[in-house]
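Visitor:
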Amino acid sequence: MINTSPPSVDVVLPCLDEAEALPWVLERIPPGWRAIVVDNGSTDGSPDIARDLGAQVVHEARRGFGAACHAGLAAATADVVCFCDCDASLDPGLLPAVAGPVLDDAADLVLGRRRPTARGAWPVHARLANLELARLVRRRTGLALRDLGPMRAARREALLALSLTDRRSGYPLEMVVRAADAGWRVTETDVPYRPRTGRSKVTGTWRGAWQAVRDMRAVLAEPPAAAAPARGASLPGGVR
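So the sequence shown is numbered by this note's numbering: it starts at -15 and just counts up by one.
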């Protein structure tokens, strides 16, 4: 019997040529949750694979990690939305632990702090870049974060109300900064970080990693968003 009930949680999976990783990733989506695979210009058949495996597929023509993430957020309908990389470096089966505090109203944004499981899981240059960004985030926001991990969870209407504008590598950081400016409860939880399937489009090279750093520095240089919704403020649909 086809399940016609609305999903309890939507999982946004930005995707660019992840045909090899998709089967493992999608089979790990928690039961009753919906996978939204956002194709960002794949040429390896990723959209067809995702569709055949039961995922909702959204096409985003504008290249960029942020563009793909935001297209998935716009397509989501569940109250709580998770984000997860589509390269098998993170296990979607662990998403309930990330989304749990949001579902329980104990946190407004939860980030998965990556804990490498193997020597090659996190290249040195990428780890150094992340440490520098975490330091800058602590100085800018006061949040005691140690990672800006791509696995995360928050309420959909609240995320939309943040009015995020970055469409490249700065999108995950902008989410954290604007959430902090709005007084959100932002927490971390450890998640295992595996060697990814295939080559990274960002951290696979020094150039890509430091381009991401430059994008994120631009986000940190922006003044606080005056229109950011404060935690607990009334949002559309009664979401707080």
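Ideal Cβ placement from N, Cα and C applies to all residues, glycine included. Only a predicted model underlies this, so the values are computations on that prediction, with no experimental measurement involved.
(1) Let me know the secondary structure DSSP gives Ile33 once reduced to three states.
(2) Relative to the alpha-carbon of Tyr155, which residue among Ala45, Leu37, Trp8 and Leu57 has its alpha-carbon at the smallest distance?
(3) Within the continuous beta strand (DSSP E) that includes Gly16, where are the two ends?
(4) Please work out which residues of its chain come closer than 7 Å, Cβ to Cβ, to Ala60, disregarding the five sequence neighbours upstream and downstream, and give them in chain order.
(5) Using the Cα positions of Pro(-9) and Gly16, report the straight-line distance between them to the nearest angstrom.
(6) If I follow the unbroken beta strand (DSSP E) through Pro7, where does it start and stop?
(7) Tell me, which residues are paired with Phe67 by DSSP?
(8) For Arg136, count neighbouring C-beta atoms within 10 Å of its own C-beta (all shown protein chains included) and say buried if the count is 16 or more, exposed if not.
(9) To the nearest angstrom, how far is the alpha carbon of Arg180 from that of Ala51?
Guide: Quick answer:
(1) helix
(2) Leu57
(3) Gly16 -> no beta strand (DSSP E), and no H or E assigned at all.
(4) Asp(-6), Val(-4), Ile20 and Arg140
(5) 6 Å
(6) Taken as a continuous stretch (DSSP letters only), Pro7 belongs to no beta strand (DSSP E), being part of the alpha helix (DSSP H) at Leu6 to Glu11.
(7) Val(-4) and Arg136
(8) buried
(9) 21 Å
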